[in-house]
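Protein chains: 2
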Amino acid sequence: MARARLERGDLVRRLSEVFHARGYAGASLADIGTATGLGKGSLYHAFPGGKEEMAAAVLADLADRFADQVFAPLEGGLPPLAAIEAMFDAVHRHFVTDGHICLFGALSLTSDRTPFRARITAHFRRWHQALVACLVRGGVTRAHADGLAGETLALIEGGIVLYRAFAGSAAFEALLARQRARLMAVLAARDSGTAQRTG
Amino acid sequence: MARARLERGDLVRRLSEVFHARGYAGASLADIGTATGLGKGSLYHAFPGGKEEMAAAVLADLADRFADQVFAPLEGGLPPLAAIEAMFDAVHRHFVTDGHICLFGALSLTSDRTPFRARITAHFRRWHQALVACLVRGGVTRAHADGLAGETLALIEGGIVLYRAFAGSAAFEALLARQRARLMAVLAARDSGTAQRTG
DNA sequence: GTCCATCTGTACCCTATGGTACATTTGCGG
DNA sequence: CCGCAAATGTACCATAGGGTACAGATGGAC
Chain A
11 MARARLERGD
21 LVRRLSEVFH
31 ARGYAGASLA
41 DIGTATGLGK
51 GSLYHAFPGG
61 KEEMAAAVLA
71 DLADRFADQV
81 FAPLEGGLPP
91 LAAIEAMFDA
101 VHRHFVTDGH
111 ICLFGALSLT
121 SDRTPFRARI
131 TAHFRRWHQA
141 LVACLVRGGV
151 TRAHADGLAG
161 ETLALIEGGI
171 VLYRAFAGSA
181 AFEALLARQR
191 ARLMAVLAAR
201 DSGTAQRTG
Chain B
11 MARARLERGD
21 LVRRLSEVFH
31 ARGYAGASLA
41 DIGTATGLGK
51 GSLYHAFPGG
61 KEEMAAAVLA
71 DLADRFADQV
81 FAPLEGGLPP
91 LAAIEAMFDA
101 VHRHFVTDGH
111 ICLFGALSLT
121 SDRTPFRARI
131 TAHFRRWHQA
141 LVACLVRGGV
151 TRAHADGLAG
161 ETLALIEGGI
171 VLYRAFAGSA
181 AFEALLARQR
191 ARLMAVLAAR
201 DSGTAQRTG
């Protein structure tokens, strides 16, 4: 069998870049062909479902990455403090170091009736729940954890908007550091039994 | 002269809804025609520049609204506390009551080289600066104000992402209330001379 | 009522779009 | 070296895309 020119992982990464740069509706097959160096034949061989399947693959890849690097630490047995540090490290690595975008967020804003709506909701819901659970394990009340988790997600997603709007990661990185410190402080306070409120 | 079927304001609002629902690239002239009830003739009469001019008009309208309802209170002579309340009221009204989206944020995420890049940057930069200036007038140090302003913008933009992802405004409204309270607390603390840190 | 600029719908144009068909190449298993 | 399935490029298709041309409708000014 003829070897594929691109490993599937690389191919999906290229696709991710195209959708990132042009948006789903804005990414034409010609763009995709240029970005991947592949003709339609190869693309439709790899993704018989066409553009929609390509985007689905990118989303699935993103979901996997998050499952491994973000959700697993939060949901797993790691101590809450370490889990949250791991989450922020992963987020920083993903969005700053690797220069990715949150395609979930972009698709969420872009179109009302995207075929990916369910995936988007599931992604954020899982992230939120994992973070809440982790904070609760760290001794935070559920109500307080709920607020903190929503705030954290919003800061990250909004940070990415500003990241792109300002064409620089400084503001985004500052937001990450700030929220990381806030969560650390809350957990530390709970740990030492103090009833201090930070929200 | 024949009277236009739609006031320009209404027309722009309809356009806003279409771009909101489909994204810029995803909104076809057919969609726009359906949403406005106008044929191409009328549309191109009102916007000779086509789709791009339509989107520019929507953005200009949005910018005007923000200038009036958000920037003016912050930049004007209003007491900082009242100005910030006004800002949150306007944001709530705009995004929740009126059900609008932040087209700036959506466009920011969607495509790298959009012709609206400069407008997007300008919008967020002005908002950020106005908020910083207002907080500084309220006695907050510039560095602290800078952090708080970035955080506030990110929470609002990220809140909109979650708003749409969860298909409900509850989380967004909670975020608004939370951040409003936080800024109020900071200003109140400064006002009473306390050195309390909240970030 | 007439006039004329404004406004509007329709028919049309060219291009780019997503998608298909298929002949050709590639390279592992034997 | 051969066979064969995987992988690929090219030519092609039907349609929808944005945009233009233009004839007709509209309605205030006079």
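So the protein sequences, as listed, match chains A and B. When we follow our numbering, the leftmost residue of the first sequence carries the number 11, and every step to the right adds one. When we follow our numbering, the leftmost residue of the second sequence carries the number 11, and every step to the right adds one. All C-beta atoms, glycine included, are put in the ideal place defined by N, C-alpha and C. Keep in mind it's a predicted model, so treat the numbers as computed, not measured.
Could you give the residue range of the alpha helix (DSSP H) that holds residue i?
{"i": "residue 185 of chain B", "result": "180-201"}
{"i": "residue 176 of chain A", "result": "No alpha helix (DSSP H) holds residue 176 of chain A; DSSP gives it neither H nor E."}
{"i": "residue 142 of chain A", "result": "127-147"}
{"i": "residue 42 of chain A", "result": "39-46"}
{"i": "residue 88 of chain B", "result": "Neither: residue 88 of chain B is in no alpha helix (DSSP H) and is coded neither H nor E."}
{"i": "residue 28 of chain A", "result": "18-32"}
{"i": "residue 51 of chain B", "result": "50-56"}
{"i": "residue 59 of chain A", "result": "No alpha helix (DSSP H) contains residue 59 of chain A, which DSSP labels as neither H nor E."}
{"i": "residue 116 of chain A", "result": "113-120"}
Counting C-beta neighbours from all protein chains within 10 Å, is the total for residue i 16 or more, i.e. buried, or is it exposed?
{"i": "residue 205 of chain B", "result": "Interpretation of residue 205 of chain B is limited by its pLDDT of 49, a score under 50 that renders its predicted location unreliable; no figure is taken from the coordinates."}
{"i": "residue 192 of chain A", "result": "buried"}
{"i": "residue 17 of chain B", "result": "exposed"}
{"i": "residue 15 of chain A", "result": "exposed"}
{"i": "residue 164 of chain A", "result": "buried"}
{"i": "residue 195 of chain A", "result": "exposed"}
{"i": "residue 32 of chain A", "result": "buried"}
{"i": "residue 89 of chain B", "result": "exposed"}
{"i": "residue 133 of chain B", "result": "buried"}
{"i": "residue 55 of chain B", "result": "exposed"}
{"i": "residue 37 of chain A", "result": "buried"}
{"i": "residue 12 of chain B", "result": "exposed"}
{"i": "residue 251 of chain B", "result": "Nothing about residue 251 of chain B can be read from this structure; chain B reaches only from 11 to 209."}
{"i": "residue 128 of chain A", "result": "exposed"}
{"i": "residue 151 of chain A", "result": "exposed"}
{"i": "residue 153 of chain A", "result": "exposed"}
{"i": "residue 155 of chain A", "result": "buried"}
{"i": "residue 181 of chain B", "result": "buried"}
{"i": "residue 93 of chain A", "result": "buried"}
{"i": "residue 197 of chain A", "result": "buried"}
Less than 8 Å between the CB atoms is what I'm expecting for residue i and residue j, so what's the real figure, rounded?
{"i": "residue 175 of chain A", "j": "residue 118 of chain B", "result": "5 Å"}
{"i": "residue 120 of chain B", "j": "residue 173 of chain B", "result": "At roughly 17 Å, the Cβ-Cβ gap does not stay under 8 Å, so residue 120 of chain B and residue 173 of chain B are not in contact."}
{"i": "residue 80 of chain A", "j": "residue 101 of chain A", "result": "7 Å"}
{"i": "residue 109 of chain B", "j": "residue 171 of chain A", "result": "Not quite, the Cβ-Cβ distance comes to about 19 Å (not below 8 Å), so this is no contact."}
{"i": "residue 168 of chain B", "j": "residue 166 of chain A", "result": "7 Å"}
{"i": "residue 46 of chain A", "j": "residue 21 of chain A", "result": "6 Å"}
{"i": "residue 91 of chain B", "j": "residue 148 of chain B", "result": "7 Å"}
{"i": "residue 75 of chain A", "j": "residue 104 of chain A", "result": "7 Å"}
{"i": "residue 113 of chain A", "j": "residue 72 of chain A", "result": "6 Å"}
{"i": "residue 125 of chain B", "j": "residue 63 of chain B", "result": "About 10 Å separates the two Cβ atoms, so there is no contact after all."}
Exercise. Below 8 Å, can you find three or more Cβ-Cβ pairs linking the segment 68-86 of chain B to the segment 131-145 of chain B?
Worked result: Yes: the two stretches touch, three or more of their Cβ pairs being nearer than 8 Å.
Problem set entry | Sufficient close CB pairs (3 or more, under 8 Å) joining the segment 128-138 of chain B to the segment 95-106 of chain A | Remark: fewer than three beta-carbon pairs, one from each stretch, lie closer than 8 Å, so the segment 128-138 of chain B and the segment 95-106 of chain A are not flagged as touching.
For this session: Could you say if the segment 58-72 of chain B and the segment 16-34 of chain B meet the contact criterion of at least three C-beta pairs nearer than 8 Å?
Result: Taking a cut-off of 8 Å for Cβ pairs, the segment 58-72 of chain B and the segment 16-34 of chain B touch, as three or more such pairs fall below it.
Exercise. Are the segment 147-159 of chain A and the segment 150-165 of chain B in contact at 8 Å, needing three or more beta carbon pairs?
Worked result: no
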